[in-house]
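A.B. asks:
In our numbering, the protein residues as written are 27 to 192.
Rendered as structure tokens:
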């Protein structure tokens, strides 16, 4: 999902930097607070863990009080995305959970508007709160065509709003 969102951002002529909370591969780059300060917009996602964000993401956000005290993220556009193993695995609850630190930081939360036709057509993932994916119990289910289009619309909208705010 992150790659689809990033690709859409780059198709708009902007740069997308992929970051992670835990390096699983040698080329993975761990997110820093400076990444938050320096970005024009943020797409924030994690797997669903019992309707909540992954603990590593929560631990990272708990280190951002200094940014909050200085108001360094106020008015930055942001969106959220998540995946779960099943259709009723907690994706919407996770999206709301992911939104909380962004709102506390004064960021501008972007959802998926209903003019995205795939939002109404999808049989798997996608909500007005953000892009979602149902990965299956073995985490092997590929993104559906609708999920890909929703991710692409999220990246495009994030880029467009970030540009308008500059």
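Built from N, CA and C at the ideal position, the CB exists for glycine as well.
The structure displayed is predicted, hence computed values, not measured ones.
1) Can you check which of these residues, 109, 132, 121, 94, is closest to residue 168 by C-alpha distance?
2) Mind checking which residues open and close the alpha helix (DSSP H) that includes residue 29?
3) Quick check on DSSP: helix, strand or coil for residue 160?
4) Below 6 angstroms CB to CB, which residues in the same chain sit around residue 68 once its five sequence neighbours on both sides are set aside?
5) Can you tell me which of 143, 84, 111, 131 puts its alpha carbon nearest to the alpha carbon of residue 92?
6) Rank 165, 188, 172 by C-alpha distance to the C-alpha of residue 73 and give the top, closest one.
7) Does chain B have any CB closer than 8 angstroms to the CB of residue 74?
C.D. replies: Quick look at the numbers:
1) Numbered from 1 along the chain shown, position 142 holds the residue referred to as residue 168. Checked all of 109, 132, 121, 94; the closest Cα to residue 168 is 109.
2) Your numbering for residue 29 matches position 3 in the chain shown. It spans 28-37 - the alpha helix (DSSP H) in which residue 29 sits, taken as one unbroken run.
3) Residue mapping note: residue 160 aligns to position 134 of the chain shown, counting from 1. Looking at residue 160 - three-state DSSP - the assignment turns out to be strand.
4) Here residue 68 refers to the residue found at position 42 when the chain shown is read from its first residue. Excluding sequence neighbours, residue 68 sits near 104.
5) As a first step, residue 92 must be located in the chain shown, where it is residue number 66. With distances taken between Cα atoms, residue 92 lies closest to 131.
6) Numbered from 1 along the chain shown, position 47 holds the residue referred to as residue 73. Among 165, 188, 172, the Cα nearest to that of residue 73 belongs to 165.
7) Absent from the structure is chain B; it holds one protein chain and no more.
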